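Residue numbering for the sequence shown follows my numbering, starting at 1 and increasing by one per position. Where is the CB? At the ideal position from N, CA and C, for every residue including glycine. Since we're looking at a predicted model, the values are computed, not measured. Let me begin by presenting the structure, written as structure tokens, before commenting on it.
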Amino acid sequence: VDENIVSLATESGEFNIPKSEFLAETAEITNKKGEKFVGHVLSEDEEEFKIRTQYGDATIHKRNIEKMSRFHGGILDKKTEARKRFYTGEAVLLSVFLDPTATPLSPNTFYLSGMSLGYGLTDRFMLTTKYASNFGGDLNLHPKMRFYHKKTANTEKSMAFGLGFHRSYPVKSIIGKYSHAINVTADSTLNQFDDMEAKDVMKENVTNPMYAEAYLVFSSSRINPSGRGKVGWNLGAKVTNAFAKKEDYLKDGYSWDKKFKVPYRLWASLDYDLRKDLKFVASMWADNGYKTMNAGTAFKDYIGSDGSTALSIDSVTGKESLVDFDFGILYAVNENFRVGVHFQQPFLDFYWEFFEF
């Protein structure tokens with residue numbers, strides 16, 4: 001700097017620029033007490049901003065920021081909102097792995113995942129369908145309604161119920177999912193035989209039934225004490241009518257274990273913001289239809305090469321596991337597309353949100 005001239009060296013050359021032509025960075029910050037600070041940004045680190053106002057210098061901790069706008073030469077910085085979302089933890093999930101949360105999809109927005117397609121009709125109601133089943137003749141709809149919602153500056157609580165209706169649910173999917181409940185011999189079940197499939201124990205010309213499920217889920221989240229991101233948890237329970245006509249499905253010589261009376265799933269899940277684009281997710285459940293399987297078996301199950309329904313998790317194989325857990329990470333490639341990796345089937349997840357009108 002030489003008087004009012006700044007020498008700026010770049011790869012393209014050295015430039016002499018008047019100090020008056022440099023654009024000042026300013027900010028408007030409102031903290032959680034309602035105090036507003038307007039002035040030049042002196043410095044910023046991971047925890048705080050320093051602002052020079054017309055009355056003096058102020059230090060504002062990021063965890064205390066309620067809202068913020070940043071300007072470069074009087075022009076609003078569009079990245080402000082991305083930073084705000086991380087500090088206040090506004091990002092939410094529709095589900096953790098395959099278990100729903102109480103959060104519905106935003107209105108007038110589509111989403112596509114590896115197993116389903118959904119649309120948000122209002123800020124409380126959404127519809128989902130398993131598209132592969134539709135093409136196979138099993139038309140289905142899964143509505144979700146959030147009937148309770150309370151949000152403050154630091155916390156958010158919701159409760160929702162969901163239903164699922166299938167007009168022609170494949171019997172082989174029921175047999176595959178509950179293969180560990182089908183007795184082949186006095187001391188062995190269907191899932192223990194590598195050379196057997198659902199069709200080997202299923203009656204010929206059996207009619208696919210109408211299928212229904214219902215669940216209730218409660219979700220809660222809060223801003224971390226540091227102010228960076230959110231932590232959320234969910235509790236849910238689901239029942240289905242999969243066993244309503246189960247005695248009509250099996251050939252003579254095979255039987256259902258009498259302890260399997262009502263199909264159910266109970267779950268508790270967690271999501272934690274590691275960064276604005278990275279979440280840690282975990283879940284624990286009790287499910288009398290759950291079996292563990294390795295990644296190779298899960299992939300064959302997903303694409304249907306093992307004789308099961310494609311784009312679903314209903315393989316005959318696997319080890320019965322009534323109580324189990326899973327964890328992994330979810331990465332946001334951008335605001336609309338997320339991918340996840342975890343250690344139980346289906347192992348990989350993707351979520352694409354688009355067409356917000």
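Residue i - containing alpha helix (DSSP H), residue span
{"i": "residue 176", "result": "171–177"}
{"i": "residue 132", "result": "131–135"}
{"i": "residue 198", "result": "198–201"}
Span separating the alpha-carbon of residue i from that of residue j
{"i": "residue 95", "j": "residue 16", "result": "55 angstroms"}
{"i": "residue 283", "j": "residue 30", "result": "36 angstroms"}
{"i": "residue 349", "j": "residue 341", "result": "6 angstroms"}
{"i": "residue 274", "j": "residue 229", "result": "7 angstroms"}
{"i": "residue 151", "j": "residue 6", "result": "49 angstroms"}
{"i": "residue 42", "j": "residue 106", "result": "37 angstroms"}
{"i": "residue 235", "j": "residue 289", "result": "18 angstroms"}
{"i": "residue 343", "j": "residue 316", "result": "20 angstroms"}
{"i": "residue 338", "j": "residue 351", "result": "5 angstroms"}
{"i": "residue 12", "j": "residue 64", "result": "42 angstroms"}
{"i": "residue 14", "j": "residue 4", "result": "16 angstroms"}
{"i": "residue 257", "j": "residue 209", "result": "20 angstroms"}
{"i": "residue 226", "j": "residue 307", "result": "50 angstroms"}
Integer Cβ distance of residue i from residue j, believed to fall under 8 angstroms
{"i": "residue 144", "j": "residue 100", "result": "7 angstroms"}
{"i": "residue 159", "j": "residue 148", "result": "4 angstroms"}
{"i": "residue 183", "j": "residue 264", "result": "No, residue 183 and residue 264 are not in contact; Cβ-Cβ is about 20 angstroms, not under 8 angstroms."}
{"i": "residue 373", "j": "residue 215", "result": "The structure shown does not extend to residue 373, since the chain spans only 1 to 357, so no value can be given for it."}
{"i": "residue 40", "j": "residue 25", "result": "7 angstroms"}
{"i": "residue 212", "j": "residue 185", "result": "Between residue 185 and residue 212 the Cβ distance is about 33 angstroms, and since that is not below 8 angstroms, they are no contact."}
{"i": "residue 318", "j": "residue 300", "result": "The Cβ separation is near 11 angstroms, so there is no contact."}
{"i": "residue 153", "j": "residue 62", "result": "About 14 angstroms; that fails the 8 angstroms criterion."}
For residue i, the first and last residue of its enclosing beta strand (DSSP E)
{"i": "residue 220", "result": "211–223"}
{"i": "residue 92", "result": "Element bounds for residue 92: n/a, residue is neither H nor E."}
{"i": "residue 331", "result": "323–332"}
{"i": "residue 41", "result": "36–44"}
{"i": "residue 102", "result": "Note, residue 102: premise wrong, no beta strand (DSSP E); not H, not E."}
{"i": "residue 139", "result": "No beta strand (DSSP E) holds residue 139; DSSP gives it neither H nor E."}
{"i": "residue 341", "result": "337–342"}
{"i": "residue 348", "result": "348–354"}
{"i": "residue 56", "result": "56–61"}
{"i": "residue 68", "result": "65–72"}
{"i": "residue 9", "result": "5–10"}
Close-in-space but distant-in-sequence residues of the same chain around residue i (CB under 8 angstroms, 5 per side omitted)
{"i": "residue 249", "result": "171, 174, 175, 202, 203, 206"}
{"i": "residue 116", "result": "128, 129, 130, 131, 142"}
Beta-carbon contacts of residue i that lie in its chain and below 6 angstroms, excluding the five residues immediately before and after
{"i": "residue 221", "result": "156, 230, 232"}
{"i": "residue 123", "result": "107"}
{"i": "residue 36", "result": "30"}
{"i": "residue 50", "result": "42, 43, 59"}
Close beta carbons around residue i, own chain, < 7 angstroms, minus the five adjacent residues each side
{"i": "residue 141", "result": "127, 129, 165"}
Every unbroken alpha helix (DSSP H) within the region 233–318, with a cutoff of 4 residues, ordered by chain: DSSP runs (the alpha helix (DSSP H)) wholly in the region 233–318: 295–303.
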